[in-house]
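S.K.: I have a structure I would like to understand better, so I am pasting it below and will then ask my questions one at a time.
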Amino acid sequence: MNIIGAAIAFCVGLVGFGIALGQGKSLSNAVESISKQPEAANDIRTTLIVGMAIMETMGVLTFVVAIILSGKL
Amino acid sequence: MNVDEFGARIIISFGDGEIFLSESFLLGILVAVVLAVLGVWLGTGLQTVPKGKQVISELIVGWVYKYTRENVGKGHDGYAPYVGTIFGFCLLGSALGLFGLRPITADVNVTFALSILTFLLIQGSEVRKFGAIGKIKHMCDPYPFMLPLKVLEELTLPISLGFRLFGNILGGLIVVDIWFHFMTYLSGLFTDIPFLRAVLVLPLNGFFDIFEPIIQTFIFTMLTMIFLGIGINIKKDH
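Heads up: the protein sequence lines correspond to chains R and H, in order.
Take 41 as the starting number for the first sequence in the numbering used here and just add one per residue.
Take 3 as the starting number for the second sequence in the numbering used here and just add one per residue.
Structural data, given as structure tokens:
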């Protein structure tokens with residue numbers, strides 16, 4: 041184990057922190073707007089899932105980088 | 003733990019191992035054959051009044067057409083078969099972990115094949131609709147020096163689509179594998195038989211082999227249709 045291991049753990053943890061914050065905020069806003077306008081629930085749900093997937097891309101890209109890095113351990 | 007053990011196994015190799023067919027290739031053909039047989043079987047013996055298996059096939063086909071019409075736009079029903087095919091292939095290919103096989107979408111080659119297909123479809127339909135010159139003219143709008151940025155924007159789509167599907171499915175695969183190692187270790191404390199691996203993996207299978215493929219397939223097709231719709235519809239005023 042060397043500095044690369046620490047770098048992998050750090051980058052995955054950091055990106056997880058950011059994504060959790062962003063997705064939690066978007067989910068809380070979605071729940072709020074569904075409770076205000078239940079008839080728009082389907083549109084909101086679709087937009088929420090697609091938006092969350094786009095946020096998650098950052099995490100997945102970091103994960104791919106982590107796998108590439110872990111080949112060098 | 004070795005990362006290399008997660009790669010797709012090589013089944014057949016020709017010559018000195020330079021040319022080979024991997025597990026993903028064979029399982030992909032298997033999935034395609036299963037889907038084709040299922041489709042032909044569901045499509046035979048159609049009657050005016052739906053009965054039996056025709057109800058299910060009408061449900062699936064009607065849902066795919068409705069889903070395409072909502073997201074690509076009215077009058078673009080021609081894209082529905084492509085969307086349905088991608089949906090079936092992705093869903094079945096990612097859920098192969100249920101049968102104890104390696105999901106084919108955990109291979110970066112498969113996901114990039116799918117995403118490049120989508121990219122070519124989008125570019126092709128834009129060029130067919132506006133012509134090559136019209137497309138370049140649109141990309142130079144409002145200022146010609148924006149052209150490199152627009153090219154970059156279009157090239158990002160297949161990369162992000164491919165890596166998203168690959169990363170999610172491979173992540174699930176790795177988590178299930180780590181769980182298996184852990185259960186083997188735990189049951190090794192009592193006896194030699196890894197009995198804890200039997201039932202305790204079912205919740206993880208439910209999440210990573212049923213829920214996650216459905217969500218990821220939905221997102222893949224949804225993004226395909228949204229970008230197709232943006233490319234075809236919004237540029238009408240130019």
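We put the beta carbon where it would ideally sit given N, CA and C, even for glycine.
Just checking: is the beta-carbon of Ala60 (chain R) within a distance shorter than 9 Å of some beta-carbon in chain H?
M.R.: As a working note, residue 60 (chain R) is residue 20 in the first sequence. By this cut-off, Ala60 (chain R) is not an interface position.
S.K.: Does the distance from the C-beta atom of Phe103 (chain R) to that of Leu172 (chain H) stay below 9 Å?
M.R.: The count along the first sequence starts at 1 and reaches residue 103 (chain R) at position 63. The count along the second sequence starts at 1 and reaches residue 172 (chain H) at position 170. In this structure, Leu172 (chain H) lies closer than 9 Å to Phe103 (chain R) by Cβ.
S.K.: Can you round the beta-carbon distance between Ala60 (chain R) and Leu88 (chain R) to whole angstroms, since I take them to be within the 8 Å contact cut?
M.R.: The count along the first sequence starts at 1 and reaches residue 60 (chain R) at position 20. The count along the first sequence starts at 1 and reaches residue 88 (chain R) at position 48. Contact between Ala60 (chain R) and Leu88 (chain R) fails: their C-beta atoms lie close to 15 Å from each other, not under 8 Å.
S.K.: Does the distance from the CB of Ile234 (chain H) to the CB of Lys131 (chain H) come in under 9 Å?
M.R.: The count along the second sequence starts at 1 and reaches residue 234 (chain H) at position 232. The count along the second sequence starts at 1 and reaches residue 131 (chain H) at position 129. Yes, these two residues count as a Cβ contact at 9 Å.
S.K.: Tell me which residues share the same chain as Asn111 (chain H) and place their Cβ nearer than 7 Å to its Cβ, disregarding the 5 neighbours each side in the sequence.
M.R.: On the second sequence, position 109 is the one that residue 111 (chain H) refers to. In its chain, beyond the 5 residues on either side, Ser26 have a beta carbon closer than 7 Å to the beta carbon of Asn111 (chain H).
S.K.: To the nearest angstrom, how far is the alpha carbon of Ala97 (chain H) from that of Pro146 (chain H)?
M.R.: Here residue 97 (chain H) refers to the residue found at position 95 when the second sequence is read from its first residue. Here residue 146 (chain H) refers to the residue found at position 144 when the second sequence is read from its first residue. Their backbone Cα atoms lie some 46 Å apart in a straight line.
S.K.: Check for me: the alpha helix (DSSP H) holding Leu167 (chain H) runs from which residue to which?
M.R.: Counted from its first residue, the second sequence places residue 167 (chain H) at position 165. First-last of the alpha helix (DSSP H) with Leu167 (chain H): Leu149 to Gly190.
S.K.: Scan the stretch 71-112 of chain H and note each continuous alpha helix (DSSP H) run of 4 residues or more that stays entirely inside, going in chain order.
M.R.: 82-96
S.K.: Check the Cβ-Cβ distances between Arg166 (chain H) and every residue of chain R, and say whether any is below 9 Å.
M.R.: Counted from its first residue, the second sequence places residue 166 (chain H) at position 164. Answer yes: the Cβ-Cβ gap between Arg166 (chain H) and chain R drops below 9 Å somewhere.
S.K.: Beta strand (DSSP E) containing Leu23 (chain H): first to last residue?
M.R.: As a position in the second sequence, residue 23 (chain H) is number 21, starting the count at 1. That run of the beta strand (DSSP E) goes Ile21 to Ser24.
S.K.: Skipping 5 residues on each side, what residues in its chain have a beta carbon closer than 7 Å to that of Gln63 (chain R)?
M.R.: In the first sequence, counting from the first residue as 1, residue 63 (chain R) sits at position 23. So the qualifying residues of the chain are Met92 and Met95.
S.K.: How many angstroms separate the CA atom of Val63 (chain H) from the CA atom of Cys51 (chain R)?
M.R.: Counted from its first residue, the second sequence places residue 63 (chain H) at position 61. Counted from its first residue, the first sequence places residue 51 (chain R) at position 11. Distance from the CA atom of Val63 (chain H) to the CA atom of Cys51 (chain R), rounded to whole angstroms, is 43 Å.
S.K.: Mind reading off the beta-carbon distance from Asn73 (chain H) to Met185 (chain H)? Whole number of angstroms is fine, and I expect it under 8 Å.
M.R.: Here residue 73 (chain H) corresponds to residue number 71 of the second sequence, with the count starting at 1. Here residue 185 (chain H) corresponds to residue number 183 of the second sequence, with the count starting at 1. At roughly 42 Å, the Cβ-Cβ gap does not stay under 8 Å, so Asn73 (chain H) and Met185 (chain H) are not in contact.
S.K.: Using beta carbons (cut-off 9 Å, strictly below), is Ile107 (chain R) in contact with chain H?
M.R.: Taking the first residue of the first sequence as position 1, residue 107 (chain R) is located at position 67. Taking Cβ atoms only, chain H reaches closer than 9 Å to Ile107 (chain R), which makes this a yes.
S.K.: In chain order, what residues of the same chain lie with their CB nearer than 6 Å to the CB of Cys142 (chain H), ignoring the 5 residues before and after it?
M.R.: Against the second sequence, residue 142 (chain H) aligns to sequence position 140. Contacts found: Leu149.
S.K.: How should Thr158 (chain H) be labelled, buried or exposed, when 16 other C-beta atoms within 10 angstroms of its C-beta is the threshold for buried?
M.R.: As a position in the second sequence, residue 158 (chain H) is number 156, starting the count at 1. Counting C-beta atoms within 10 angstroms of its own C-beta, Thr158 (chain H) has fewer than 16 neighbours from the protein chains shown and is therefore classed as exposed.
S.K.: Any residues in the stretch 220-235 of chain H with a beta carbon nearer than 8 Å to a beta carbon of chain R? Which ones, in chain order?
M.R.: Phe220, Ile221, Met224, Leu225 and Ile228
S.K.: For chain R, check one thing: does any of its Cβ atoms lie closer than 9 Å to the Cβ of Gln56 (chain H)?
M.R.: Taking the second sequence and counting its residues from 1, one reaches residue 56 (chain H) at position 54. Answer no: the Cβ-Cβ gap between Gln56 (chain H) and chain R never drops below 9 Å.
S.K.: Would the stretch 86-94 of chain H and the stretch 27-43 of chain H be scored as touching if the rule is three or more Cβ pairs under 8 Å?
M.R.: yes
S.K.: To the nearest angstrom, report how far apart Phe244 (chain H) and Arg11 (chain H) are at their CA atoms.
M.R.: Nothing can be reported for residue 244 (chain H): it is not among the residues displayed for chain H, which extend from 3 to 240.
S.K.: Any beta carbon of chain H sitting closer than 9 Å to that of Gly99 (chain R)?
M.R.: In the first sequence, counting from the first residue as 1, residue 99 (chain R) sits at position 59. For Gly99 (chain R), the answer is yes, since a Cβ of chain H falls inside 9 Å of its Cβ.
S.K.: Can you name the start and end residues of the alpha helix (DSSP H) that Phe220 (chain H) belongs to?
M.R.: Locating residue 220 (chain H) in the second sequence gives position 218, counting from the first residue. Where Phe220 (chain H) is concerned, the enclosing alpha helix (DSSP H) stretches over Glu214 to Asn235.
S.K.: Once you ignore the five residues that flank Ser189 (chain H) on each side, which residues in its own chain have a CB closer than 6 Å to its CB?
M.R.: Against the second sequence, residue 189 (chain H) aligns to sequence position 187. Only Pro196, Phe197 and Leu198 meet the Cβ criterion.
S.K.: Can you find a CB in chain R that lies within less than 9 Å of the CB of Asn170 (chain H)?
M.R.: The residue labelled residue 170 (chain H) in the question sits at position 168 within the second sequence. For Asn170 (chain H), the answer is yes, since a Cβ of chain R falls inside 9 Å of its Cβ.
S.K.: I need the straight-line Cα distance from Thr120 (chain H) to Leu100 (chain H), nearest angstrom please.
M.R.: Reading the second sequence from its first residue, position 118 is the one you call residue 120 (chain H). Reading the second sequence from its first residue, position 98 is the one you call residue 100 (chain H). Near 27 Å, if we compare the C-alpha coordinates of Leu100 (chain H) and Thr120 (chain H).
S.K.: In whole angstroms, give me the CA-to-CA distance for Gly231 (chain H) and His183 (chain H).
M.R.: Within the second sequence, the letter at position 229 stands for residue 231 (chain H). Within the second sequence, the letter at position 181 stands for residue 183 (chain H). When rounded, the distance between both Cα atoms is 45 Å.
S.K.: List the residues that DSSP assigns as beta-bridge partners of Ile12 (chain H).
M.R.: Taking the first residue of the second sequence as 1, we reach residue 12 (chain H) at position 10. Bridge partners of Ile12 (chain H): H:Ser24.
S.K.: So, at 8 Å on beta carbons, what are the nonlocal neighbours of Ser66 (chain R) in its own chain, with the 5 sequence-adjacent residues on each side left out?
M.R.: By one-based count along the first sequence, residue 66 (chain R) stands at place 26. Excluding sequence neighbours, Ser66 (chain R) sits near Leu88, Gly91, Met92 and Met95.
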